[in-house]
Structure formats: C-alpha cells, structure tokens
Amino acid sequence: MDGAKFAELRIDGKAFNFPIIIGSEGEKAIDISNLRKETGYITLDPSFANTGACCSEITYIDGERGILRYRGIPIEELAEKRLFIEVAYLLLHGNLPDENQYKQFSILLNEHSLLHEDMRHLFDGFPRGSHPMHIMSTMLNSMATFYPNVDTLSLSEDIDVTATRLISTFRTMAAFAYKKSIGQPPVYPRPDLTYCANFLNMMFDSPVNPYTIDAEIVEVMNLLFILYADHEQNCSTTTVRTIGSAQVNLYATISAGVSALSGPLHGGANQAVIEMLSKIRSGGYSVDQFIEMAKNKNNPVKLMGFGHRVYKNYDPRAKIIKEATVRILKKLDIKDTLLDIAMELESKALSDSYFVERKLYPNVDFYSGILYRALGFPTNMFTVLFALGRLPGWIAHWKEMVSDKNSKIVRPRQIYTGRTLTHLK
Ligand code: CMC
Numbered sequence: 003m004d005g006a007k008f009a010e011l012r013i014d015g016k017a018f019n020f021p022i023i024i025g026s027e028g029e030k031a032i033d034i035s036n037l038r039k040e041t042g043y044i045t046l047d048p049s050f051a052n053t054g055a056c057c058s059e060i061t062y063i064d065g066e067r068g069i070l071r072y073r074g075i076p077i078e079e080l081a082e083k084r085l086f087i088e089v090a091y092l093l094l095h096g097n098l099p100d101e102n103q104y105k106q107f108s109i110l111l112n113e114h115s116l117l118h119e120d121m122r123h124l125f126d127g128f129p130r131g132s133h134p135m136h137i138m139s140t141m142l143n144s145m146a147t148f149y150p151n152v153d154t155l156s157l158s159e160d161i162d163v164t165a166t167r168l169i170s171t172f173r174t175m176a177a178f179a180y181k182k183s184i185g186q187p188p189v190y191p192r193p194d195l196t197y198c199a200n201f202l203n204m205m206f207d208s209p210v211n212p213y214t215i216d217a218e219i220v221e222v223m224n225l226l227f228i229l230y231a232d233h234e235q236n237c238s239t240t241t242v243r244t245i246g247s248a249q250v251n252l253y254a255t256i257s258a259g260v261s262a263l264s265g266p267l268h269g270g271a272n273q274a275v276i277e278m279l280s281k282i283r284s285g286g287y288s289v290d291q292f293i294e295m296a297k298n299k300n301n302p303v304k305l306m307g308f309g310h311r312v313y314k315n316y317d318p319r320a321k322i323i324k325e326a327t328v329r330i331l332k333k334l335d336i337k338d339t340l341l342d343i344a345m346e347l348e349s350k351a352l353s354d355s356y357f358v359e360r361k362l363y364p365n366v367d368f369y370s371g372i373l374y375r376a377l378g379f380p381t382n383m384f385t386v387l388f389a390l391g392r393l394p395g396w397i398a399h400w401k402e403m404v405s406d407k408n409s410k411i412v413r414p415r416q417i418y419t420g421r422t423l424t425h426l427k
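Under the working numbering, think of the first position of the sequence shown as 3, with each following residue one higher.
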C-alpha cells in the first residue's frame with residue numbers, strides 16, 4: 003500500500019484502504035465513496051463539519067490563515083481593482099473577461115434587466131411589511147412560469163442568458179420590492195448606467211427627488227457585492243447544489259438558496275447585528291452585559307456577526323468592510339453611534355478568553371449593516387444585498403455541479419435511532 007495515497011481503516015481487525023485526495027492547495031481528504039459497499043458502515047457527521055461534498059475549482063478558503071480567493075485571485079486584489087460584473091464573469095466562466103467579453107456581458111445584462119411586466123402585479127399580492135427576502139424567493143420561484151424554457155436549459159447555449167437574466171433582474175426585483183414597500187412607483191433600469199449605478203438609481207431615485215450618482219458610492223457597492231460573490235460550500239450554496247442535483251429548474255434552485263441565506267445564522271446575520279447594536283444603544287444592555295449573555299450557555303443570545311464555521315482568524319471580508327465603513331461614514335459626514343458600539347464590542351470580545359479560545363472573530367456581517375445604513379438602505383434590505391452579491395457564486399456552483407459527469411442526486415444516509423419493529427395491536 004502507498005501510505006501517501008491511501009488511508010487505512012481497521013474495523014474488527016480487518017483493514018480497508020481508501021484513497022487520499024489532495025487538492026491544488028494541499029487540502030487533504032479521504033475518499034470514502036466506497037465505504038459502505040466495502041465495510042457496511044457509513045460516516046456520521048452532523049452539520050457536515052468534516053465532510054467534503056464535492057471537488058470544486060471555484061473558491062479557495064484557508065480559514066486558519068484568513069485567506070479567500072476566487073479562481074486563485076486574492077479577494078483583496080479583486081475588491082480593489084475590479085467591478086462586480088467582472089468578478090461575476092470570473093466565477094461563471096473561470097477567467098476575468100477581456101474587453102470584448104466584458105462588452106458582450108454588459109450588453110446581455112442590459113437586455114435582460116427588465117422584469118417581465120406581468121411580474122409587477124405579483125408584488126401587489128404581498129401584504130404590507132412583508133420581508134423582502136420572502137418576496138425575493140417567491141418572485142424567483144415564479145420566474146419559471148414566465149420563462150418556461152428554463153426547464154429544458156442546455157448548458158452550452160441558454161445558460162448564459164438564464165444566468166444573466168437572473169443576475170440582472172434580481173437587482174431590478176430587489177429595487178421594485180423596496181419601492182413597493184415604501185409606496186413609491188418603480189424606477190426602471192437605464193441602459194446608460196453600469197450594474198451598481200443602475201441598482202442604486204432604481205433604489206433611490208424618485209420622480210420628485212432625483213438621485214445623484216456618486217462614483218465613490220458606486221465603487222463601494224461594487225466592493226460589497228464582490229466580497230459576497232462566493233464562499234464555497236456554505237449553507238445556501240450547499241442548498242443550491244443539493245436542490246439542483248434533483249434537476250430542479252435554475253430559478254427554483256436559486257430561490258431555495260435565497261431562503262437558506264435568509265436565516266440569522268447565515269446571511270440574515272447582517273440584519274441581526276444592527277438589531278443587536280440598536281438594542282445596546284437604546285439602553286437595553288451595556289456592551290459588557292451583552293458579552294456576558296453571549297458567553298452564557300444557558301442564554302440563547304449570541305454575539306451576532308461573530309464566529310464562522312471555516313474562519314478561525316479574522317474574516318478577510320470583515321477587514322475590508324470595516325475600512326470601507328469608516329471611510330464612507332467620514333465621506334458622508336455621518337456620525338453613527340452604532341459604529342462606536344460595534345468597535346467597543348469587537349475590542350472587548352477580542353480580549354476576552356471565551357472568544358479568543360474559541361477563535362471567534364468578526365465575520366462579513368459584523369460591519370456591513372452600518373455601511374448599508376449610511377448608504378440609505380433600510381435594515382430589512384441588508385440580506386437582499388447579500389443575496390444579490392452571492393448570485394454569481396450560486397450559479398457558478400450549479401454550473402459546476404451539472405457539468406460534472408459524476409454528479410448524482412444528493413441523498414445522505416442516517417443512523418436510525420427510533421423504535422424497533424412494532425406491530426399494530
Ligand atoms: N457568540 C457566542 N458564542 C459563539 C458564537 C457567537 N457568535 N459563535 C460560536 N460560539 C461558540 C459556540 O457556542 C461554541 O461554544 P462551545 O465550544 O463552548 O460549545 C463554539 O463557539 C464553537 O461554535 P460552533 O457553534 O460550533 O460554530 P459553528 O461553526 O457551528 O457556527 C456560526 C458558526 C457562524 C453559525 C456561529 O459562529 C454563529 O452562530 N455566529 C453568529 C451568527 C453569525 O454571525 N452568522 C454569520 C456567519 S458569516 C456569514 C454567513 O455565513 O452568512
């Protein structure tokens with residue numbers, strides 16, 4: 003046996019060998035695809051903390067060292083030098099677009115930026131105050147009825163149109179949902195504006211109060227979406243891969259990803275952070291009391307925006323967002339006491355042995371909400387912004403999964419612990 007290539011498992015004195023897989027960055031795995039066939043055993047790994055569900059070429063994370071790369075390129079470089087649309091292209095196609103590819107992608111994004119006009123009526127059916135994440139997942143699901151060709155999608159031809167339509171109309175839908183919630187008429191996309199400028203304009207322009215596009219704000223919107231664009235096998239991406247493995251149409255698949263992202267332990271944390279900071283500011287608790295509550299195992303309270311399944315070091319995205327938050331608040335001359343509370347929380351948590359020993363650091367959601375508030379977004383739109391950024395990543399993973407010849411329907415097993423055979427009386 004080649005020790006470098008196989009792992010030996012001994013059960014009841016019998017040895018079994020399983021291949022060792024090494025990734026391009028040296029990550030190691032034991033391929034147990036034949037485990038049950040050869041031994042009769044399965045692995046038990048609740049929450050999949052030790053389970054690699056696939057091999058992927060899209061995103062690399064080293065959680066111990068705080069490294070994040072898309073297609074090999076460090077997140078810091080992409081965030082500084084590229085547009086969100088270029089990064090979306092990189093995730094979807096494997097390379098950054100050249101000039102011509104960028105032009106073609108922009109044309110396609112513009113062509114597919116309009117929402118099907120009949121979909122506008124669907125917004126009227128939602129009760130006032132509906133959470134925009136619920137609206138978004140419902141609207142996405144409905145898209146297959148407006149664009150039924152998604153059911154016979156061919157990877158080579160139609161995928162670019164469907165992917166582009168998703169990336170472009172999601173932005174239009176998000177802005178329409180917001181406009182609807184505040185009782186204002188929708189603002190349509192404009193062909194002369196870039197992706198992020200268009201989104202900001204659809205969100206904040208109104209017939210009586212024209213929106214002035216500011217290049218630095220557009221830049222920071224690009225930066226935020228780039229930071230969200232992918233994060234390998236997180237909960238929502240795993241949802242997308244799982245649902246997609248049953249050959250569900252792409253719109254419904256992405257709708258499921260949106261639902262997974264909405265949870266407060268996942269993308270919904272950016273909203274939860276602001277609610278937590280506001281509670282502290284309104285005198286509910288002091289920073290010290292909140293930290294004590296988060297440490298108390300009998301209290302369900304957690305320090306929102308802290309901790310991560312993979313990062314056991316500062317989340318590189320949080321570092322970039324913190325800098326951008328301070329910069330934009332200064333530019334807009336905004337004094338937000340929530341930022342002072344967040345910084346005090348961070349500093350106290352990072353010198354508290356509970357957080358130090360468990361390697362709990364601020365994650366991508368800790369500072370982002372403060373920045374969104376400064377840009378004028380209401381709290382319930384924060385997770386929608388996360389979803390908008392994450393879309394290219396979800397689609398890239400779906401594409402990778404369906405083009406993998408070895409892909410099968412996702413179907414884990416279980417260890418049954420219920421009653422043994424019980425006959426009816
Ligand atoms: N506050 C207090 N204690 C925490 C926190 C926290 N935010 N996060 C983890 N812990 C504790 C946890 O109780 C456990 O303690 P012990 O070892 O004594 O039982 C230990 O740290 C290890 O945590 P875990 O629950 O095993 O970690 P996990 O990998 O299962 O969960 C997490 C990761 C992100 C769900 C969790 O850290 C958390 O709930 N954080 C707050 C919510 C949040 O900010 N979510 C956004 C995540 S990043 C963006 C995204 O994925 O969308």
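Just so you know, even glycine gets a beta-carbon here, dropped at the ideal spot from N, CA and C. From a predicted model like this one, the values you see are computed outputs, not experimental measurements.
For residue i, list the residues DSSP reports as bridge partners.
| i | result |
| --- | --- |
| residue 71 | 62, 76 |
| residue 12 | 17 |
| residue 30 | 24 |
| residue 211 | 208 |
| residue 364 | 308 |
Over the uninterrupted alpha helix (DSSP H) stretch that includes residue i, give me the two end residues.
| i | result |
| --- | --- |
| residue 359 | 355-359 |
| residue 231 | That residue, residue 231, is in no alpha helix (DSSP H); it is neither H nor E in DSSP. |
| residue 318 | 318-333 |
| residue 283 | 271-283 |
| residue 392 | 384-405 |
| residue 103 | 101-113 |
| residue 342 | 339-351 |
| residue 171 | 161-183 |
| residue 141 | 134-148 |
| residue 250 | First-last for residue 250: undefined, no H or E at that position. |
| residue 409 | Per DSSP, residue 409 belongs to no alpha helix (DSSP H) and is neither H nor E. |
I'd like the list of long-range same chain contacts for residue i, defined as Cβ closer than 8 Å, with 5 residues on each side in sequence excluded.
| i | result |
| --- | --- |
| residue 417 | 44, 46 |
| residue 3 | Residue placement at residue 3 is flagged as unreliable, the pLDDT there being 40, under the threshold of 50; the coordinate-derived value follows with that caveat. Same-chain partners within the cutoff: 10, 19. |
Spatial neighbours of residue i within its chain, please: C-beta separation below 7 Å, excluding the five flanking residues on both sides.
| i | result |
| --- | --- |
| residue 142 | 253, 256, 257, 260 |
| residue 21 | 7, 8, 33 |
| residue 36 | none |
| residue 378 | 206 |
Less than 8 Å between the beta carbons of residue i and residue j, yes or no?
| i | j | result |
| --- | --- | --- |
| residue 239 | residue 396 | yes |
| residue 363 | residue 324 | no |
| residue 322 | residue 195 | no |
| residue 385 | residue 272 | yes |
| residue 388 | residue 246 | no |
| residue 350 | residue 293 | yes |
| residue 342 | residue 275 | no |
| residue 391 | residue 226 | yes |
| residue 310 | residue 365 | yes |
Going by beta carbon distance, what residues of the same chain come within less than 6 Å of residue i, once the five residues before and after it are set aside?
| i | result |
| --- | --- |
| residue 297 | 356 |
| residue 5 | With a pLDDT of only 44 at residue 5, under the threshold of 50, the placement of this residue in the model should not be trusted; the figure read from the coordinates follows. So the list is empty, once near-sequence residues are dropped. |
| residue 61 | 72, 232, 234 |
| residue 114 | 166, 167, 170 |
| residue 278 | 306 |
| residue 137 | 128, 179 |
| residue 224 | 85, 86, 198 |
| residue 123 | none |
| residue 70 | 63, 77, 318 |
Nearest-residue set for the ligand CMC, Cβ under 6 Å from any heavy atom:
236, 267, 268, 269, 271, 296, 304, 305, 306, 307, 308, 309, 310, 311, 360, 362, 365, 366, 367
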